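Residue numbers (our numbering): 4 to 257. All C-beta atoms, glycine included, are put in the ideal place defined by N, C-alpha and C. As the structure is a prediction and not an experimental result, all values here were calculated from the model.
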Amino acid sequence: MTGRLMDEVVLVTGAARGIGRAVAEKAAAEGAAVGLIDVLADQLAATTSALAETGARVAAAVGDITDEASVAAAVSQLASELGPATVLVNNAGKNAYADATRMTVAEWDAVFDVDLKGAWLMARQVLPAMIERKHGAIVNIASIHASLTTAGMFPYAAAKSGLVGMTRSLALDVGPHNIRVNAVSPGYIATDLLEEFFTTFPHERDHAHTVHPLGRIGTPENVAEVVCFLASPAAAFVTGANWSVDGGLGIRYA
Ligand code: NAI
Numbered sequence: 004m005t006g007r008l009m010d011e012v013v014l015v016t017g018a019a020r021g022i023g024r025a026v027a028e029k030a031a032a033e034g035a036a037v038g039l040i041d042v043l044a045d046q047l048a049a050t051t052s053a054l055a056e057t058g059a060r061v062a063a064a065v066g067d068i069t070d071e072a073s074v075a076a077a078v079s080q081l082a083s084e085l086g087p088a089t090v091l092v093n094n095a096g097k098n099a100y101a102d103a104t105r106m107t108v109a110e111w112d113a114v115f116d117v118d119l120k121g122a123w124l125m126a127r128q129v130l131p132a133m134i135e136r137k138h139g140a141i142v143n144i145a146s147i148h149a150s151l152t153t154a155g156m157f158p159y160a161a162a163k164s165g166l167v168g169m170t171r172s173l174a175l176d177v178g179p180h181n182i183r184v185n186a187v188s189p190g191y192i193a194t195d196l197l198e199e200f201f202t203t204f205p206h207e208r209d210h211a212h213t214v215h216p217l218g219r220i221g222t223p224e225n226v227a228e229v230v231c232f233l234a235s236p237a238a239a240f241v242t243g244a245n246w247s248v249d250g251g252l253g254i255r256y257a
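This is the structure in C-alpha cells:
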C-alpha cells in the first residue's frame, strides 16, 4: 500500500464512530497503521473489524481519555501492537448544553475533562516517544465554537477555545523536536453528535442546511481529508494552525 501516511502509526481517540471513525479509515487508506481508542466497546469492536476487513493494520483499545491510568494503558497496549504513535488525533469530545447559573462544578469538570484535559493527557502520553524520534504530528479536533458559538451550549466554546490555545502552546514547545501540532475546527458535520444537537435545538435542523455558503452540512470524510493532510508530510511547514472545515459558515456575517 502507498499513501501519504505510509510508515506512520496514527492513534485516533473517539474512533468508534463519526469523525474519528472516518479519520481512522482515511489514515488507513493513506497507508498508516491505525490505533483506535474509545469508551464504546461494542462500536469500537465493530469499527475495528470493518477496518481489518479492508486489509488495514489496525488495533483497538477501550479507553477513557479523561482517566490518566486508562490513557497510559491504552497507549501502551497500542504501542506494543503497532509500534509507538507517530501521529495523534485528539478527536473524542462531547457537547454541552448547560446553564451557567445552575451548572455544578462536577458538570463543568466533566465537559473540560473530555474536551480539553483528555487531549493533554493523550499528548503527554505519546510525546516522549515522538521527541525521542524527532518525528510526530498531533491534530486536535476543536470546533467552529472555538471562534463563534451559539446560545445554550455553555461551556463548550470555552473548552474548544482552550483546545486551540493548547494547540498553539504545544506547537511552540515541541516544534524544535520536529513535531507539528495543529487544530481542525469543523462546523456542522453529519454525525450522532450533530443529531443530539438537532434533538436539543429542533429549529436548527432546517436552518443549518440553509446558512452554509456551500449549501450543505459536512460529512465526517470532509473532516478526515483535512486531518490526514495536516498529519502528513504534505503539511510539513504547517504548525500551530487552526483549520476550518465548515463549508464557509465561519466567514458569514448575515
Ligand atoms: P460522536 O459523538 O459521533 O463521536 C465521538 C466519539 O468520542 C464517540 O465514539 C464517543 O464514544 C467518543 N468519546 C467520548 N468521550 C470519550 C472519552 N472520554 N474517551 C474516549 N472516547 C470518548 O461525535 P463527532 O461528531 O464525531 O465529534 C468528534 C469531534 O468533533 C468532537 O471533538 C466534537 O466536539 C468535534 N466536532 C463535531 C462537530 C459536528 O458537527 N459533528 C462540529 C464541531 C466539532
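- Simplified DSSP assignment, three categories, for I220: coil
- Roughly how far, in whole angstroms, is the beta-carbon of E33 from the beta-carbon of C231, given that I think they are within contact range, below 8 angstroms? 6 angstroms
- In the structure shown, what three-state DSSP assignment does T16 receive? strand
- Task: With a threshold of 16 other CB atoms inside 10 Å of the CB of D41, please say whether the residue is buried or exposed.
- Result: buried
- Task: Could you tell me the distance, in whole angstroms, from the CA atom of W123 to the CA atom of V167?
- Result: 12 angstroms
- Message: Quick check on DSSP: helix, strand or coil for G251?
- Response: coil
- Query: Taking the C-alpha atoms as reference points, what is the distance between P236 and L47?
  - Reply: 28 angstroms
- Item | Assigned exposure category for T107 - 16 Cβ within 10 Å defines buried | exposed
- Item | Contact between the region 178-185 and the region 137-146 (3+ Cβ pairs under 8 angstroms) | yes
- Message: the ligand NAI and S17: does any heavy atom of the ligand fall closer than 6 angstroms to the residue's C-beta?
- Response: Reading off the sequence, residue 17 comes out as Gly, not Ser. G17 Cβ: within cutoff of the ligand NAI.
- Figure out for me which residue from A75, V37, D45 has the closest Cα to the Cα of T57. V37
- Query: Roughly how far, in whole angstroms, is the beta-carbon of L8 from the beta-carbon of A234, given that I think they are within contact range, below 8 angstroms?
  - Reply: 6 angstroms
- Message: Just checking D209 against the ligand NAI - is the residue's beta carbon closer than 6 angstroms to any of the ligand's heavy atoms?
- Response: no
- Message: Let me make sure I understand the geometry here. Which of L196, A30, H148, V74 has the alpha-carbon closest to that of A162?
- Response: H148
- Thinking C-alpha only, which one of N94, V117, G165 is nearest A19? N94
- Message: If we require 4 or more residues per run, which alpha helix (DSSP H) segments fall completely within the region 157-199?
- Response: 159-177
- Query: Taking C-alpha atoms, which residue in A193, K120, S79, F201 lies nearest to I220?
  - Reply: A193
- Task: Ignore the nearest five residues each way along the sequence and tell me which others in V90's own chain have a CB closer than 8 angstroms to its CB.
- Result: L8, E11, V12, V13, L14, A30, A35, G139, A140, I141, V142, A234
- Output the distance between the C-alpha atoms of M125 and S172, rounded to the nearest integer angstrom. 15 angstroms
- The alpha helix (DSSP H) enclosing V114, as first and last residue numbers: 108-115
- Alpha carbon to alpha carbon, how far is W246 from I254? Give it in angstroms, no decimals. 13 angstroms
- Specify, as a first and last residue, the run of the beta strand (DSSP E) that V241 falls within. Here V241 belongs to no beta strand (DSSP E), and DSSP marks it neither H nor E.
- Query: Are the Cβ atoms of A99 and M169 separated by less than 7 angstroms?
  - Reply: no
- Determine the DSSP secondary structure at V61, reduced to helix, strand or coil. strand
- Message: Closest to G250 by C-alpha separation, out of G218, A244, T104, would be which residue?
- Response: G218
- Message: Please tell me whether T51 and V65 are closer than 7 angstroms, where the distance is taken between their beta carbons.
- Response: no
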